[in-house]
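Here the structure comes first, spelled out in structure tokens, and everything after it is commentary.
Shown next as structure tokens:
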């Protein structure tokens, strides 16, 4: 079974500083990778996704992520954060399930980004 | 366009009581999902419906049942609630069940079982 590890449960950062949220996954076969953001008391929304092609993926709100197959990582970055980026960020991996033959989406445990003034 | 809506937003149940969480989407999506979110554990899939007329178990189906009422609606039922089912429940939908399509999430239902 695949697993997704988000190495940091909380990341405090000052406004306008750069940030990197780390994500590693265990699968070695064909995967699709996603980052979702959850603002307080809301559902999740898609930030960006990697399906194929260029390993550097750009998303909404100035975020980007880089797919590194050899390191099985998909870290999320932003060069300059705003207070409004304070939220929880989830990495997710889609892989074909050996049990069902269908793709299943597995979420990491989340990283809480706290942007301080 | 409301997207994915869920009712109720909050619910408190006593152990052993039953309830149904309702979910509807207006995006004409084929696939719908129920997740639960617990602190430090991310989202875990309870049940999903790849297309109208089908439902399948996810990672944590015990204690739950689902009904795909039509293409728009997918309900989650707790027959006999237990404190371990205290959680935030999210419904989501996507155009297809191929793993490439974005999932759209509802605002969640916060359930407490005492």
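Protein chains in written order, with the working numbering: chain V, 1 to 117; chain W, 1001 to 1114. Positions of the beta carbon are idealized from the N, C-alpha and C atoms, including for glycine.
Here's a check: name, in chain order, each residue in its chain whose Cβ is nearer than 7 angstroms to the Cβ of residue i, leaving out the five neighbours to either side.
i	result
residue 1053 (chain W)	1068
residue 1057 (chain W)	1047
residue 56 (chain V)	64, 66
residue 1082 (chain W)	1015, 1063, 1113
residue 1102 (chain W)	1094
Which chain V residues are close to residue i, counting only those with a beta carbon under 8 angstroms from its beta carbon?
i	result
residue 1041 (chain W)	109
residue 1050 (chain W)	102
Which of the three DSSP states is assigned to residue i in this structure?
i	result
residue 1056 (chain W)	strand
residue 61 (chain V)	helix
residue 1049 (chain W)	strand
residue 84 (chain V)	helix
residue 1083 (chain W)	helix
residue 1019 (chain W)	strand
residue 69 (chain V)	coil
residue 29 (chain V)	coil
residue 98 (chain V)	coil
residue 1009 (chain W)	coil
residue 46 (chain V)	strand
Keeping to the same chain, check which residues put their C-beta closer than 8 angstroms to that of residue i; ignore five residues upstream and five downstream.
i	result
residue 114 (chain V)	10, 11, 12, 13, 86
Cβ closer than 7 angstroms: which chain V residues qualify as neighbours of residue i?
i	result
residue 1002 (chain W)	Ordered by position in chain V, no residue passes the 7 angstroms Cβ test against residue 1002 (chain W), which lies about 12 angstroms from the chain.
Against residue i, what residues of chain V qualify as contacts under a CB-to-CB distance less than 9 angstroms, listed in chain order?
i	result
residue 1106 (chain W)	43
Apart from the five residues on each side of it in sequence, which residues of its chain come closer than 6 angstroms, Cβ to Cβ, to residue i?
i	result
residue 79 (chain V)	18
residue 4 (chain V)	25, 91, 93, 106, 108
Using a C-beta to C-beta distance shorter than 9 angstroms, which residues of chain W count as neighbours of residue i?
i	result
residue 119 (chain V)	Residue 119 (chain V) is absent from the model: chain V starts at 1 and stops at 117.
Name the chain W residues that come within less than 8 angstroms of residue i, Cβ to Cβ?
i	result
residue 63 (chain V)	Within chain W, no residue comes near residue 63 (chain V); the closest Cβ sits about 15 angstroms away, beyond 8 angstroms.
Who are the neighbours of residue i on chain W, taking C-beta pairs under 7 angstroms?
i	result
residue 98 (chain V)	By Cβ distance, chain W contributes nothing, its closest Cβ being about 14 angstroms from residue 98 (chain V), past 7 angstroms.
Q | Cβ-based contacts, 9 angstroms cut-off: residues of the stretch 1056 to 1080 of chain W near chain V | A | 1056, 1058, 1059
Q.
Taking contact to mean 3 or more Cβ pairs, one atom from each stretch, closer than 8 angstroms, check whether the stretch 31 to 39 of chain V and the stretch 52 to 68 of chain V are in contact.
A. yes
(Q) Pairs of beta-carbons, one from the stretch 1002 to 1014 of chain W and one from the stretch 1061 to 1077 of chain W, closer than 8 angstroms: are there three or more? (A) no
Q) Any contact of the stretch 1034 to 1046 of chain W with the stretch 93 to 107 of chain V, i.e. 3+ C-beta pairs under 8 angstroms? A) yes
Q: Note down, in chain order, all residues in the stretch 17 to 44 of chain V with a beta-carbon under 7 angstroms from any beta-carbon belonging to chain W.
A: 32, 42, 43, 44
Q: Name, going along the chain, the residues of the stretch 1082 to 1096 of chain W whose beta-carbon falls closer than 7 angstroms to a beta-carbon of chain V.
A: 1090
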